[in-house]
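Data first, discussion second: the structure below is written as structure tokens.
Number of protein chains: 2
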Amino acid sequence: MRSRDPTASPLLTDLYQLTMLQAYWASGMNETAAFELFVRSLPPGRNFLLAAGLETVADYLLGLRFADDDLAWLASTGRFDAAFLDSLRDFRFSGDLDAMPEGTVAFADEPLLRVTAPLREAQFIETRVLNLVHFQTLVASKAARCVLAASGRPLVDFGLRRAHGGEAGLLSARASYLAGFAGTATVEAGRRFGIPIFGTMAHSFVQAHDDEATAFADFARAQPGNVTLLIDTYDTARAARKVMALAARGVPVQGVRIDSGDLAAHAREVRRILDEGGLASARIFASGNLDEERVAQLVASGAPIDAFGVGTRMNVSADAPFLDCAYKLVEYAGRPRRKRSEGKATWPGRKQVFRRFDASGTMAGDLLALESDAADGAPLLAPELRGGARVGPAPTLEAVRDRARAQMAALPPRLRALAAADPYPVEIAASLRALAAQIDAQTARQ
Amino acid sequence: MRSRDPTASPLLTDLYQLTMLQAYWASGMNETAAFELFVRSLPPGRNFLLAAGLETVADYLLGLRFADDDLAWLASTGRFDAAFLDSLRDFRFSGDLDAMPEGTVAFADEPLLRVTAPLREAQFIETRVLNLVHFQTLVASKAARCVLAASGRPLVDFGLRRAHGGEAGLLSARASYLAGFAGTATVEAGRRFGIPIFGTMAHSFVQAHDDEATAFADFARAQPGNVTLLIDTYDTARAARKVMALAARGVPVQGVRIDSGDLAAHAREVRRILDEGGLASARIFASGNLDEERVAQLVASGAPIDAFGVGTRMNVSADAPFLDCAYKLVEYAGRPRRKRSEGKATWPGRKQVFRRFDASGTMAGDLLALESDAADGAPLLAPELRGGARVGPAPTLEAVRDRARAQMAALPPRLRALAAADPYPVEIAASLRALAAQIDAQTARQ
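Just so you know, the protein sequences line up as chains A and B, in that order. Positions 1 to 446 (the numbering used here) are the ones given, in order, by the first sequence. Positions 1001 to 1446 (the numbering used here) are the ones given, in order, by the second sequence.
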């Protein structure tokens, strides 16, 4: 028997969501609230974000409910009023979700999504919504850099083993695929999301055999049509010659993988051996501690590497393993709200991002404005849920991937570079500044 | 209906595990293999690891099986032989697991666990075993530093929202608790693992009310006995005076939380206000971008902070978001094995770690030796599974936490400091060096 899915539990949240809910319930507060999720600042050296996670948020909201055993456990803690817990039996998400479609390029301060719902619903979902959007946007943004660095060479996600838990492995396969990776090694991600799956062999396969040539022959026999042989277990050049000997016996070999040492130097030597032996069609796959910087170096070196396996450093976004993001109340009961905590002040009101393009279709600047403002440019946030139901079918992951590709193609060239560039212009509308000043004046007495 | 748990799927693995399995099946290879999981090097600035994840590995191994729909999906990929897939119906973990008990202090090159099983079983489990042990050891090791920095003040895990997915949130609550945290904000971790749960209120609770004093009063009324009020939404000192006014009306207030600005300065001012108003018993809780360095600074400053909420930077191990760990074949069919890839060579054979202590009970040095060696010191790897079954009941999480506390108390004082210290001595036994040389001589012809 499989255990119940802990990632689908409504208790996958912070305790304070439930204590606040009880307080709202006790005082009867449940007017319409609007919360927005945004990133306060880009990580050092990063030029853009790629929004991701929206569809998993919609699934979470549509599936949210408390089961009997959830409520029984909460009752057992002694922290909650029985009538309050009983009210949670009918708790559903009945509100609206507006969001940047997945694969949209985004910047600091821009809302990635807005939830508009009765206060208790909009508050309760904070933790898991952040958990889903933060991580997928983090990985998609990192993976997008790898894609730009690879200049068209395919990339495969190899990172499940060092991802932070199982869900991170699955969601990073999804986020990297939507950012332009060719696929993943994670089988469950193939089943769950329809992502192409890739795999070669491990060093242990070679080591378990008494000699490397037998290991290659055994593998090729068992996987006709899918023979990529790992050649760095002992001596890479010698192993490449064993691959040639196998091919000379008529065994088809599609490619080889190199996972250690000087990848560029090994790739050149192996390419020469393969070409001289008549295996020009065999592809060279490189992996091992790669990230966008290493991939860019290998591409720039002209190394004859056909594809890259990128794992840990992409899956954990090693240079920036978190984003400074928040989900903040911007309106309650028709009144805009603002937090003023030092260094963490937020823009009030329901907002929209308007994006302008130049004549060539390149992004020219964003305007962060009130939703009600009439502004030039394409609005980025679009309706996703209305009254707790989807406004249309969810896009396919392929469509999201296409969007990401088009969005990255529209980036100003300086922002497509790996190095930190002059920031993309995001202007704050005068209407928004005026509203913030007005609220500050009202709450100064606080 | 909840979806099936993706983190319990046997397909939560790398594709190559299945392609290798098919090759082993086709050639009839299934002799006993031993694999060991170890960390190649400590992250920069780190002095020790705290082993964690073993119990979740045991649960994974004991529950491992392929369901009909798993096999049907694999068949649909067209990559597998039908008879091979059929053989997976009876696939179970029938082997042995030896491991450092959770909460054991560990170092580079030391096996955290060893799996000894028929080759196909021992190989197949690699990805998920690494995924579970890597992440929990990563977080426990980071959390241990926070515990040392806090010098006895309680710490609470606040990190679910920016953990890498839901399972990461749950497992980091578990790993930080076993390392000595007082508890977590994550409700599901409380249910699943019996960890104490803590919660206060969010800024949005204050913002949703028309004034802060009403927010405090509403919250206190709904949570008698559990009133910790967040006081930095607008002006921290003014909010502290509102807390005093509430207390003066006879409402019990257990504590306040400060989440922004100069935490030490705010804590001093708030402490003065609370003490002058007769609320000397109210505790001050601090949070906001904390990690072990910030906690140590706040403790050293003498700031009157009673407890810390530590989130993101602990849950993602921000300074070192991954460990360079591996799961490597060390023996097959009775013969020790070794990988020689450049920069990634491994020690062959089934190993044991023997730990010596000085007269005061302080750790004096480890010896990495062959399991069959007779060496001084306490052996660290202990039997956990034999023939696919537990050798005894799983320890409680409390017992694991006690072990971690005792282990950290036995660390040489220099290694308990946050700054990088002279490394702990881990000696490689002469027997092991000799075996490695012997294997290198045998495989030089490869």
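Ideal Cβ placement from N, Cα and C applies to all residues, glycine included. Owing to the predicted nature of the structure, the values given are computational and were not obtained by experimental measurement.
Quick check: does the Cβ of residue i come within less than 7 angstroms of any heavy atom belonging to the ligand GDP?
i                       : result
leucine 1435 of chain B : Questions concerning the ligand GDP fall outside what the structure shown contains, since it holds no ligand whatsoever.
Say whether chain A places a C-beta atom closer than 8 angstroms to the C-beta of residue i.
i                         : result
methionine 991 of chain B : Only positions 1001 to 1446 of chain B appear in this structure, which leaves residue 991 of chain B out of reach.
arginine 1002 of chain B  : Because arginine 1002 of chain B sits at a pLDDT of 40, beneath the cut-off of 50, its placement in the model cannot be relied upon, and the following sentence gives the value as read from the coordinates. Arginine 1002 of chain B counts as touching chain A.
alanine 1436 of chain B   : no
tyrosine 1177 of chain B  : no
alanine 1297 of chain B   : Position check: residue 1297 of chain B holds glutamine in this sequence, whereas alanine was assumed. Closer than 8 angstroms: no.
valine 1316 of chain B    : yes
glutamine 1254 of chain B : no
aspartate 1014 of chain B : yes
Taking DSSP as the reference, what is the three-state secondary structure of residue i?
i                         : result
glutamine 1442 of chain B : helix
lysine 1242 of chain B    : helix
glutamate 1110 of chain B : coil
arginine 2 of chain A     : With a pLDDT of only 40 at arginine 2 of chain A, under the threshold of 50, the placement of this residue in the model should not be trusted, and no figure is reported.
lysine 1351 of chain B    : strand
alanine 1117 of chain B   : strand
aspartate 1090 of chain B : helix
arginine 153 of chain A   : coil
proline 413 of chain A    : helix
threonine 1049 of chain B : In the sequence as displayed, the identity of residue 1049 of chain B is leucine instead of threonine. Leucine 1049 of chain B falls in the strand class under three-state DSSP.
arginine 1356 of chain B  : strand
arginine 169 of chain A   : According to the sequence displayed, residue 169 of chain A carries glycine and not arginine. If DSSP states are grouped into helix, strand and coil, glycine 169 of chain A belongs with the helices.
leucine 230 of chain A    : strand
alanine 248 of chain A    : helix
Using a threshold of 8 angstroms, state whether the C-beta atoms of residue i and residue j are closer than that.
i                          : j                         : result
glycine 349 of chain A     : leucine 435 of chain A    : yes
glutamate 427 of chain A   : alanine 33 of chain A     : no
methionine 1029 of chain B : methionine 201 of chain A : no
alanine 52 of chain A      : glutamate 110 of chain A  : no
arginine 92 of chain A     : arginine 65 of chain A    : yes
alanine 212 of chain A     : lysine 242 of chain A     : According to the sequence displayed, residue 212 of chain A carries glutamate and not alanine. Yes, Cβ-Cβ distance for glutamate 212 of chain A and lysine 242 of chain A is below 8 angstroms.
alanine 124 of chain A     : glutamine 17 of chain A   : It should be pointed out that residue 124 of chain A corresponds to phenylalanine in this sequence rather than to alanine. The answer is yes: Cβ separation under 8 angstroms.
isoleucine 305 of chain A  : leucine 263 of chain A    : yes
valine 1147 of chain B     : alanine 1189 of chain B   : no
alanine 1083 of chain B    : glutamine 223 of chain A  : no
serine 1009 of chain B     : aspartate 1070 of chain B : yes
leucine 274 of chain A     : methionine 314 of chain A : no
leucine 97 of chain A      : leucine 397 of chain A    : no
With a threshold of 8 angstroms between beta-carbons, can residue i be considered close to chain B, or not?
i                         : result
leucine 42 of chain A     : no
serine 281 of chain A     : no
proline 154 of chain A    : no
alanine 33 of chain A     : yes
alanine 117 of chain A    : no
glutamate 188 of chain A  : yes
proline 321 of chain A    : yes
proline 6 of chain A      : yes
alanine 237 of chain A    : no
leucine 50 of chain A     : no
glycine 349 of chain A    : no
asparagine 131 of chain A : yes
Starting from residue i, trace the alpha helix (DSSP H) in both directions and tell me its first and last residue.
i                             : result
methionine 314 of chain A     : 312-315
phenylalanine 1020 of chain B : Just to set this straight, residue 1020 of chain B is methionine in the shown sequence, not phenylalanine. Element bounds for methionine 1020 of chain B: 1015-1027.
aspartate 1275 of chain B     : 1263-1276
methionine 408 of chain A     : 397-409
arginine 1221 of chain B      : 1212-1222
leucine 1061 of chain B       : 1054-1063
histidine 164 of chain A      : That residue, histidine 164 of chain A, is in no alpha helix (DSSP H); it is neither H nor E in DSSP.
alanine 75 of chain A         : 68-76
glycine 1102 of chain B       : Note that residue 1102 of chain B is glutamate in the sequence shown, not glycine. Per DSSP, glutamate 1102 of chain B belongs to no alpha helix (DSSP H) and is neither H nor E.
For residue i, write down the residues that DSSP places opposite it in a beta bridge.
i                         : result
glutamate 1331 of chain B : B/Ala1034 and B/Pro1336
serine 287 of chain A     : A/Gly309
isoleucine 428 of chain A : A/Leu368
arginine 390 of chain A   : A/Leu385
glycine 183 of chain A    : A/Val156
alanine 1437 of chain B   : Paired residue(s): none; alanine 1437 of chain B is not in a bridge.
Run down chain C in chain order and give the residues with a C-beta less than 7 angstroms from the C-beta of residue i.
i                       : result
aspartate 86 of chain A : Of the protein chains in this structure, namely A and B, none is chain C.
Would you kindly report the start and end of the unbroken beta strand (DSSP E) that includes residue i?
i                       : result
aspartate 96 of chain A : 96-99
valine 1256 of chain B  : 1255-1258
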